[in-house]
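Input: a single structure, listed below in structure tokens.
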Amino acid sequence: MRIINPNPLQNGDVIGIVSPSSPLKSKSIDKGINYLRDMGFKIKFGAHFKEENRFLAGSDENRAKDIMDFFKDPEVKAIIVSRGGQGSQRILPLLDYHIIANNPKILVGFSDTTALQLGIFTKTGLISYTGYTLTIPYNPLLQKTLLSCLFNEPYSVQGGDMVHTGVTTGELVGGNLSLVTSLIGTPYQPDFKNKILLLEDVSTEPFNVDRMISHLDLAGIFAQVSGIVFGQFENCISKDDIEGTIDEVINDWASHFKVPCIKNFPYSHGVNNCVLPVGGFVTLDVPTRSLNINKRGSI
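Quick note: the sequence shown uses the working numbering, first residue 30, plus one each step.
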């Protein structure tokens, strides 16, 4: 598959804001919008980004339309998701992937946006960025990595604990475990062969995390990848002590994998998280506990 590299942003560029998942409701995006404006960007809001329809930010058609309108809009140079939640995978059949491939732009989101980003990558090869929405609190690591992605600068993220040592290079795929699992067996499932797999989740009991990792294993995903990055599983706490901890689940599964693997990497719903490229070329260096992200278009 041909990889498509979106153009980097420049000062004064227009960023489009969309809500492909849950409605904003009481969540504020003011701080995120002000931050982008302070960085010199102009903001354009999707026509339906504040809509509400049960647990969704409007109808599937309207949420998909906002995304397609921005991909077709020559003024808009990047698209950033307002928040996660649920529902982005519902709009995958409604997107025009030919238009997206011919009008590549930076797409930034997190959590539920995993389905949208993996679907677009599978259908077009367009690199996007996971780890940030407008509702996520800022921290120095987030700001540094977000700006590196927007301006196409190489960077490195250190952290986590070694599981299996080694160094491997490849395209990074994954994101939120629940959403990665939900795409298995669909036309939007990415090709995992020789990829570095990235996984995290939030507020999911350990037995559910175990079930989803088992699902990926039974689907043959772990046998295909060249490396694994387990992020931090924030608030994944058992309601019953007998069920064990999330660390026990990750350690158990990690012991089965023989490729370079790291856990507790700072990619998560927690206070210390980073932005990473979905489909981007990276190097996982377990001895230094680092993930090195290449400049787009370079290997």
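Beta carbons are placed, not taken as given, at the ideal position from N, Cα and C, and that holds for glycine.
This structure is a prediction, so every number in the text was calculated from the model and none was measured.
Its chain contains Leu206, Asp230, Phe262, Cys265, Ile275 and Val278 as the residues whose beta carbon lies nearer than 7 Å to that of Val238, once the 5 sequence neighbours on both sides are disregarded; these appear in chain order.
Within the stretch 125–152, the beta strand (DSSP E) runs of at least 3 residues that lie entirely inside it are, in chain order, 135–138. Within the stretch 155–222, complete alpha helix (DSSP H) segments of at least 4 residues are found at 169–179 and 206–212, given in chain order.
Classified as buried, Gln146 has 16 or more neighbouring CB atoms from the shown chains inside 10 Å of its CB. By the beta-carbon neighbour count (other beta carbons within 10 angstroms, threshold 16), His298 is buried. Beta-bridge analysis with DSSP links Cys290 to His193 and Ile257.
Contact between Tyr161 and Phe139 holds: their C-beta atoms lie close to 6 Å from each other, under 8 Å. Around the beta carbon of Leu124, 16 or more other beta carbons sit within 10 angstroms, so the residue counts as buried. At a Cβ-Cβ threshold of 7 Å, Val202 and Cys303 do not count as neighbours. Assigned with DSSP and collapsed to three states, Phe70 falls in coil, not helix or strand. Taken through DSSP and simplified to helix, strand or coil, Ser55 comes out as coil. The beta carbon of Lys101 lies closer than 8 Å to those of Ile128 and Asn132 in the same chain, with the five residues before and after it left out. Contact annotation: Ser117 and Ser48 have beta-carbon atoms that are not nearer than 7 Å. At the C-beta level, Ser177 and Tyr167 stay beyond 7 Å of one another. When Ile322, Ile58, Ser50 and Asn63 are compared, the shortest CA-CA separation from Thr198 is found for Ile322.
The Cβ neighbour count for Lys71, taken over all protein chains shown within 10 Å, is under 16; the residue is labelled exposed. Secondary structure at Leu226: strand, using DSSP grouped into helix, strand and coil.
Leaving aside the five residues that flank Pro219 on each side, the residues in its chain whose CB is nearer than 7 Å to its CB run, in chain order, Leu147, Phe150, Thr151 and Val202.
Under the DSSP assignment, Ala283 falls in the alpha helix (DSSP H) whose first and last residues are Ile275 to Ala283.
Across the set Asp59, Ile96, Val307 and Val105, the C-alpha of Val105 shows the shortest separation from the C-alpha of Gly41. Under the DSSP assignment, Leu320 falls in the beta strand (DSSP E) whose first and last residues are Ser319 to Ile322.
Residue range Val105 to Val110 is occupied by the beta strand (DSSP E) that includes Ala107.
A distance of 7 Å or more separates the beta carbons of His244 and Thr215. By DSSP's assignment, Gly45 forms a beta bridge with Lys73 and Ile108. For Asp314, the enclosing beta strand (DSSP E) starts and ends at Phe310 to Asp314.
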